[in-house]
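See below for the structure under consideration.
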Amino acid sequence: MILRQIVIATRLGLRSLTTRLWQSLVIVIGMAWVIGILLSMLSMTEGLHQAYLRSGDPRGVIVVSRGTDFEINSSLTRDQAHIVINAPGIAKAPDGSPVAEPGLMVAVPAVLKNGAKSPIVLRGVEDKGAMLEPTFHLVGGRMFRPGTRELIAGVRADAQFKGMAVGDKVILPNGEWPIVGSFATGDLRDGQLLGDTETLMPALRRKAYTTVLARLGSPDAFAAFRAALTRNPALAVDVMRVPDWNSKISADFNRFLNVFVYGVGVILAVGALFGCFNTMYAAVSARAIEIATLRALGYSGFAVAASVLLEAILLSVAGALIGAFIAWGLFDGVPSGFGSDVFTLLVSPALFLTAVLWAIAVALLGGILPSLRAAGGTVSAALRAH
Amino acid sequence: VKYFPLVWAALRRKPVRSVVTLLSVTVAFTLFGLMIGLNATLNLMEERARADRIWVWPRFDNAGMPVTVARQIAKLPEVKKVSVMSYLPAYVADPKNRVFVAFFDDAYGDIFPDWGPSPEQWEMIRRNRTAMVMSRSMAKLYNKKVGDIFTVIAPQVSKADGTHSWTFQVAGIGEDVTANPGGYFNANYEYYDKSVLPADQGKMNEVDILATDPALAPALAVKIDALFANSASPTQSNTEKSLLTSNAFGGMDLHKLTREIALAGLLMILFLTANVIAQSVRERRVELATLLAIGFSGFAVTALVVLEAALICLAGAACGMAIAAALAAQVPALLPRGFGMPLAMISASVIVWALASAFVLALASAVLPALRLMRLDVASALAGRT
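Protein chains in written order, with this note's numbering: chain H, 1 to 386; chain B, 387 to 772.
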């Protein structure tokens, strides 16, 4: 009964929408605008977040020196790396050797396409590198030869930086290193350079690795593996699963981006909320006689209020979806990057859901007072007023 | 001014609508204030950045350069003054409370007189090995006052005494500076150098140079890098100006971004205010026609409409600026500790921009209703015909 009343009252309201076209468009356009901007910005945070989470071997573990915030600051000596690689729990390759290797990460000065200076990440890998990077494959040129001054570049490095294409040369302390191949992994590595660890170490005058990457024989082996390493007095290391490490190192920047993006989004949404309030308030005024008539016919105040809210929600969600689809069309899948951190802008289904939820929240908050006004007041007073 | 009672009456006609419109304009200008305020801070940082100061970092390594690099640089004829510094990545009590302690030699205070500590405070650092001068914001955050002991833990750096904790005496609380939004902890280089393992002594992380002439500085930076290109410690040198002017955020153009977001907020609100003004004019057709009939000029009546819009927009801009100023102070609490994000500042130029934008917003909202008003046929309006 009450449901029927709500439906009828809402349909009545929607039928007169055309007479309040511009007014109603305030909600639709306002919401489309807010959601369009919010999702455009969120496509960046979402894309970067996903790139970080997906990078590296999801079954992998990373070992860094204790208290390290960023891989680049970590330092593991040869002896330490040797102990880590031979620790219990690491998976075995077909030849019986552990699927683990020490790695190196350095930042090499580079110039972005827009002329700004920004370092590019250079990693050292060895023969287990491909096993520890399951999605790695060459897309052009050839692999670097171990022992030679050769690098390969991620497919996106060339788009981000000047002079990072196959055939270009990168200057390291001991001279020029030609880029001989191009690789893709589908994650952050696509914006990085790769070379042979043992050739890079003397070139960069490094005596220590930065990390050891390993894959465990089974996920359950992690606790024992970590315990073995952290209790070893010869080591001072932190042991983490690769996805956990990725979210740890990106946590601060992620939080900063979220504060910025949601801050802007919330402020815009509050603006849209007032727009919604104004519109529904005007709608209730314009439909005063109609609403009073409904009440006189025996429609409950609740049904009338609900119909006003429903109208606000429909307009707001329609606007949000328009905004979301525009953001999706403009940005979804567009390559982007902060320096060496490359990622793809992402307007995911989850963001569409966010858009709809925001729209409903804005409509409810903005529509509640006008709807109460529609429900309240005596019928006779409303009819007499006009 | 004499129209003011009329404008005021128009606004009071629908008080709820006027207030809500005012609030939504306020919201748009809150966003405007935060964004353009951030822009103003960035501008100030760029403006204050010195063209004659050069920062020299290790090119590939962050493990430090030998201090001899600084001595060699000091011999160059274009160099007026040289200082060295080392950073200590550390935390206070909990790894989440990340801090960077910077250790300076005696010359640093002369090269950077504009970076916080007063000359007397620099003198305290020179005279007392364990003295520390921290910025006001950091002293507040960690609840320290002059005379207190301040201890940090630095797991990544081994001290000669086998511990990882560093103890300082708070000798002074320095002023915060725009260029260093993350706050600072300044200490004595000798303390650092004589505390680390003997093998790590005599190293530093950064050389800072004052050039004899700002015009020579860019070439001097290139010259320094060339000088060390084939040495054991290749360098990367940049003038402070170029570091702080080129987009330091991985190629992200913050100026453009903040301006676009501010504009987006205004455009969203424009649609709302234009609608409200149009509606208000529509409702008062008869009144406005009466004014025309009793001898008000068309210009005067149009001015009334524009004034009505201007009053809302200017008041909203003023409220928005006030809220933005209050919010800006709260931003650091939302960000990760030690995250050096520049804060929005509501400077005079930001306020001027806001008022100018408010005026443009008012004109833009009033233009369509005003045009319609000019075509108003007084006789038919008074007769109640549409």
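The beta carbon of each residue, even a glycine, is placed where N, CA and C say it ideally should be.
By alpha-carbon distance to Arg15(H), the top candidate from Ala324(H), Ala283(H), Thr354(H), Gly376(H) is Ala283(H). Against chain H, the CB of Ser472(B) has no partner CB under 9 Å away; the residue lies outside that interface.
Look at the region 236 to 258 of chain H: the residues with a C-beta under 7 Å from a C-beta of chain B are Asp252, Arg255, Phe256. 9 Å or more divides the Cβ of Met590(B) from the Cβ of Gly495(B). For Thr197(H), there is no enclosing beta strand (DSSP E); the residue is part of the alpha helix (DSSP H) that begins and ends at 197 to 203. Proximity of the region 181 to 197 of chain H to the region 120 to 133 of chain H meets the contact definition, three or more beta-carbon pairs being nearer than 8 Å. In the assembly as shown, Trp739(B) is a buried residue. Its beta-carbon has 16 or more other beta-carbons within 10 Å.
Excluding the 5 residues flanking it on each side, Ile291(H) has same chain C-beta neighbours closer than 6 Å at Val304, Ala374, in chain order.
Residue environment for Phe136(H): buried (at least 16 other C-beta atoms within 10 angstroms of its C-beta).
Sequence-distant partners of Gly56(H) (beyond 5 residues in either direction) whose C-beta falls short of 6 Å from its own C-beta, in its chain, are Val242. For Glu176(H), the enclosing beta strand (DSSP E) stretches over residues 175 to 184. Two segments are said to touch when three or more pairs of C-beta atoms, one from each, lie closer than 8 Å; by this definition the region 642 to 660 of chain B touches the region 31 to 44 of chain H.
For His550(B), the three-state secondary structure derived from DSSP is coil.
Non-local beta-carbon contacts of Ser469(B) in its own chain, meaning distances under 6 Å to residues more than five positions away in sequence, involve Asp491, Ala493, Tyr494, Ile497, Asp594 in chain order. Taking the beta carbon of Pro620(B) as reference, the chain H residues within 8 Å of it are Pro173, listed in sequence order. When only Cα atoms are considered, Ile152(H) and Leu321(H) end up about 43 Å apart. Distance between Ser74(H) and Gly548(B), taken at the CA atoms: about 19 Å.
Restricted to the region 227 to 257 of chain H, the beta strand (DSSP E) segments that are unbroken, complete and at least 3 residues in length are 237 to 241, listed in chain order. Arg758(B) has its alpha-carbon roughly 56 Å from the corresponding atom of Ala437(B). With a 10 Å radius around the Cβ and a threshold of 16 neighbouring Cβ atoms, Val411(B) comes out buried.
Rounded to whole angstroms, Gly533(B) and Glu506(B) show a C-alpha spacing of 16 Å.
Here Asn429(B) carries a helix assignment [DSSP, helix/strand/coil]. Shown here is that no member of the region 130 to 153 of chain H has a Cβ falling below 9 Å from a Cβ of chain B. Using beta-carbon distances, Ala650(B) counts as an interface residue toward chain H, with a partner under 9 Å.
Residue pairing by DSSP places Asp480(B) opposite Val478(B) in a beta bridge.
When the beta-carbon positions are compared, Gly726(B) and Pro475(B) stay at least 9 Å from each other. Only buried fits Asp190(H), as 16 or more other CB atoms lie within 10 angstroms of its CB. The C-beta of Trp33(H) has 16 or more other C-beta atoms within 10 Å across all chains shown, which makes the residue buried.
The beta-bridge partner set that DSSP reports for Asp79(H) is empty. Assignment of Tyr299(H) by DSSP, reduced to helix, strand and coil, places it in the coil class.
When Cβ-Cβ separations below 9 Å define contact, Phe489(B) makes no contact with chain H. Only those residues of the region 439 to 450 of chain B whose C-beta falls short of 8 Å from the nearest C-beta of chain H are listed: Arg445, Phe446, Asp447, Asn448, Ala449. If you check the CB distance, Leu693(B) and Gly684(B) do not come in under 9 Å. Uninterrupted alpha helix (DSSP H) stretches at least 4 residues long and entirely within the region 581 to 638 of chain B occur at 603 to 614, 626 to 631, given in chain order.
For Phe338(H), the enclosing beta strand (DSSP E) has its first and last residue at 335 to 338. Exclusion of the five residues before and after Arg66(H) leaves Ala236, Val237, Asp238 as the residues of its chain whose Cβ lies within less than 8 Å of its Cβ.
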